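Protein sequence lines correspond, in order, to chains E and G.
Straight run, no breaks: the first sequence in the working numbering ends on number 586.
Straight run, no breaks: the second sequence in the working numbering ends on number 293.
Beta carbons are placed, not taken as given, at the ideal position from N, Cα and C, and that holds for glycine.
Here the structure is a predicted model, which means the values were calculated and not measured.
Taking it in order: structure first as structure tokens, then the write-up.
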Amino acid sequence: MNKTVNQKAWFLILPVLVLVAFSAVIPLMTVVNYSVQDTFGNNQFFWAGLEWFETMLASDRMWDALGRQIAFSTIILMIEIPLGIFVALNMPKKGFWASFCLVLMSLPLLIPWNVVGTIWQIFGRVDIGLLGYTLNAIGIDYNYTQDFYAAWITVIVMDVWHWTSLVALLAYAGLQSIPDAYYQAAKIDQAGRWKVFRFIELPKIMGVLMIAILLRFMDSFMIYTEPFVVTGGGPGNSTTFLSIDLVKMALGQFDLGPAAAFSIMYYLVILLVSYVFYTVMTNLDKRDGH
Amino acid sequence: MSDSTHTPRKSVLPRINGSAVVMGLYLLFLLLPIYWLLTMSLKTNTEILGAFTLWPHNITFDNYMTILTDASWYTGYLNSMTYVVLNMVISLAVALPAAYAFSRYSFMGDKHLFFWLLTNRMAPPAVFALPFFQLYSSIGLFDTHIAVALAHALFNVPLAVWILEGFMRGVPKEIDETAYIDGYSFPRFFVKIFTPLVASGIGVTAFFLFMFSWVELLLSRTLTSVDAKPIAATMTRTVGASGIDWGVLAAAGVLTILPGALVIYFVRNYIAKGFALGRV
Chain E
297 MNKTVNQKAW FLILPVLVLV AFSAVIPLMT VVNYSVQDTF GNNQFFWAGL EWFETMLASD
357 RMWDALGRQI AFSTIILMIE IPLGIFVALN MPKKGFWASF CLVLMSLPLL IPWNVVGTIW
417 QIFGRVDIGL LGYTLNAIGI DYNYTQDFYA AWITVIVMDV WHWTSLVALL AYAGLQSIPD
477 AYYQAAKIDQ AGRWKVFRFI ELPKIMGVLM IAILLRFMDS FMIYTEPFVV TGGGPGNSTT
537 FLSIDLVKMA LGQFDLGPAA AFSIMYYLVI LLVSYVFYTV MTNLDKRDGH
Chain G
14 MSDSTHTPRK SVLPRINGSA VVMGLYLLFL LLPIYWLLTM SLKTNTEILG AFTLWPHNIT
74 FDNYMTILTD ASWYTGYLNS MTYVVLNMVI SLAVALPAAY AFSRYSFMGD KHLFFWLLTN
134 RMAPPAVFAL PFFQLYSSIG LFDTHIAVAL AHALFNVPLA VWILEGFMRG VPKEIDETAY
194 IDGYSFPRFF VKIFTPLVAS GIGVTAFFLF MFSWVELLLS RTLTSVDAKP IAATMTRTVG
254 ASGIDWGVLA AAGVLTILPG ALVIYFVRNY IAKGFALGRV
């Protein structure tokens with residue numbers, strides 16, 4: 297759509313600007329403030345320059361958490377995106393069963409995140425959980441509170457359970473918008489199932505798929521509540537992701553300076569990656585002529 | 014012609030069954046943990062911790078009664094509902110005009126502004142928890158519903174602008190121009206003509222605002238202590254000296270799923286398009 301140039305449109309944006317400035321800029325400035333100062337209590341602060349940034353960059357703690365975070369986000373994206381597309385391709389197109397599937401699939405998305413954690417805690421426990429009990433009954437040694445691999449698998453399966461539906465719903469919406477004419481043309485060309493997917497469906501759902509990847513990347517990179525409830529970041533530190541570590545540092549130990557420096561670098565990483573996705577996404581939008 | 018309608022049916026039939034199997038398995042995977050939570054909520058603690066049973070042998074509603082009769086439990090639900098609704102109202106009120114501006118006009122810095130808004134959706138709540146706590150404490154809003162609603166606006170307002178902009182782009186511009194020629198002022202046009210046209214978009218947006226405010230815990234827990242404590246935080250009470258009260262914990266979990274299930278049922282026909290944020 298051709299847009300009219302009109303500087304007065306700023307007035308329509310003003311309420312959003314005021315609100316977001318209040319709830320984003322002020323807190324963010326507080327964080328910046330802490331990151332360059334040191335305190336010995338009594339609300340007395342001293343200029344510390346980039347000291348905290350240097351401390352954090354040199355500490356293994358942050359790098360380890362970052363490594364685990366990147367591993368986690370990569371793994372869940374590699375499972376959820378293909379699985380979501382696969383589920384979407386198999387969903388009924390219309391009628392009662394389509395609504396039925398849509399309602400049930402959306403269910404995990406609206407469960408409070410700590411309840412998601414609780415559900416998996418109850419489901420996975422060795423003594424009272426269906427999953428944990430069954431696995432142990434058939435001879436697999438599974439205990440997510442003690443075993444590194446079991447903890448990781450639980451957290452990953454939980455995320456797949458929680459969020460694959462989002463990817464599936466997005467891909468489904470994309471698939472629904474493909475006109476029948478495309479499929480008829482494919483049939484005339486005698487294209488196989490794979491070719492139909494590769495050359496018709498995939499390019500057509502690329503736009504919504506980018507939204508899915510962007511949302512899943514952002515949210516998995518900020519994940520806190522679900523693993524915190526299930527594993528508490530353990531066993532040891534094995535499932536301590538960036539947010540868990542940060543909350544531990546800021547609200548638990550009250551190490552304001554390092555936590556603030558950590559926060560800023562954390563936020564910058566998310567911004568950088570998201571900017572790349574966003575640019576790709578808007579370029580796709582333009583190419584499709586939206 | 015009769016041939017071409019006949020052939021696909023033959024070849025499609027086995028594939029539909031394949032799809033049904035895939036969907037069946039996927040839904041089973043989704044529902045099994047929820048089923049387990051439900052079973053637990055209907056068992057007594059003795060049965061939960063005793064012999065392993067796949068379904069409750071003596072169904073009990075005591076766990077639910079505990080929650081529904083104890084004020085410290087059910088006010089948690091009311092608190093959560095209050096700030097979720099407040100957040101929906103605030104977010105929609107500020108996002109509607111802004112989304113209209115982004116969808117219709119180009120102005121200085123519009124693209125940067127749009128991305129800057131989106132960056133707030135990307136802000137990790139863990140980064141904001143402590144500064145929010147200090148900010149709202151210093152202006153005397155700590156432990157109020159409005160504080161949580163405003164804090165959630167941080168990520169919900171950008172989302173609302175994003176979704177609404179997608180829906181508004183789909184409304185032809187000629188409608189605006191015709192209305193202005195007919196002598197409508199901007200506010201009247203916006204309320205009387207434009208808003209009804211994007212009603213489904215507003216519904217979808219409200220659904221998402223509900224969703225992300227309802228499921229969030231880190232900020233709502235940090236910003237409240239007693240008066241506005243959300244249900245999700247109340248649930249930690251089940252951990253007592255004598256261990257965890259699994260039955261009540263499960264019942265509370267089931268009750269937090271219900272509002273979401275209800276909302277999904279109402280918007281079921283818009284879900285797919287809605288999740289695509291109006292961008293298909």
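- Nearest C-alpha to VAL327 of chain E among E:LEU552, E:PHE419, E:VAL422 and E:LEU511: E:LEU552.
- For PHE341 of chain E, the enclosing beta strand (DSSP E) stretches over residues 341-343.
- At a cut-off of 8 angstroms between C-beta atoms, TRP68 of chain G does not count as an interface residue with respect to chain E.
- Beta bridge pairing from DSSP links ASP123 of chain G with no other residue.
- Between LEU172 of chain G and TYR574 of chain E, the C-beta spacing is not below 8 angstroms.
- Residue pairing for ASP334 of chain E: DSSP places it in a beta bridge opposite E:PHE342.
- If you check the CB distance, ILE519 of chain E and GLY529 of chain E do not come in under 8 angstroms.
- Collapsing the DSSP output to three states places VAL422 of chain E in coil.
- When DSSP states are grouped into helix, strand and coil, THR535 of chain E belongs to the coil group.
- The closest CA to that of ALA33 of chain G, considering only E:PHE396, E:ALA305, E:ASP455 and E:ALA317, is found on E:PHE396.
- At least one C-beta of chain G is nearer than 8 angstroms to the C-beta of LEU542 of chain E.
- Burial check for VAL102 of chain G: the Cβ neighbour count within 10 Å stays below 16, so the residue is exposed.
- Counting along the chain, TRP490 of chain E sits inside the alpha helix (DSSP H) bounded by residues 489-492.
- According to the DSSP secondary-structure assignment, VAL312 of chain E is paired through a beta bridge with no residue.
- Following the DSSP letters along the chain, one finds THR95 of chain G inside the alpha helix (DSSP H) bounded by residues 84-117.
- Approximately 5 angstroms separates the beta-carbon atoms of SER104 of chain G and VAL170 of chain G; this is inside 8 angstroms, confirming the contact.
- Within the segment 165-198 of chain G, contact with chain E at the beta-carbon level (separation under 8 angstroms) is assigned to ALA166, LEU167, VAL170, PRO171, VAL174, ARG182 and LYS186.
- For the pair PRO554 of chain E and TRP348 of chain E, the CB atoms are nearer than the 8 angstroms cut-off.
- In the DSSP assignment, SER150 of chain G falls within the unbroken alpha helix (DSSP H) covering 138-151.
- VAL301 of chain E sits in a strand when the DSSP states are folded into three classes.
- Residues of chain E with a Cβ closer than 8 angstroms to the Cβ of PHE42 of chain G are, in chain order, TRP457.
- About 5 angstroms separates the beta carbons of ILE474 of chain E and LYS500 of chain E, which is inside the 8 angstroms limit, making them a contact pair.
- In the structure shown, GLN486 of chain E adopts coil according to DSSP, grouped into three states.
- Counting C-beta atoms within 10 angstroms of its own C-beta, VAL314 of chain E has fewer than 16 neighbours from the protein chains shown and is therefore classed as exposed.
- One finds PRO46 and TRP49 in chain G with Cβ atoms closer than 7 angstroms to the Cβ of PHE419 of chain E, taken in chain order.
- Close partners of GLN303 of chain E in chain G (Cβ separation under 7 angstroms): PHE120 and MET121.
- Segment contact: the segment 430-445 of chain E against the segment 453-470 of chain E, fewer than three CB-CB distances shorter than 8 angstroms; contact not assigned.
- Residue-level contact check: SER570 of chain E touches chain G, since one or more beta carbons of chain G fall below 8 angstroms from its beta carbon.
- Among the CB atoms of chain E, none fall inside 8 angstroms of the CB of TRP86 of chain G.
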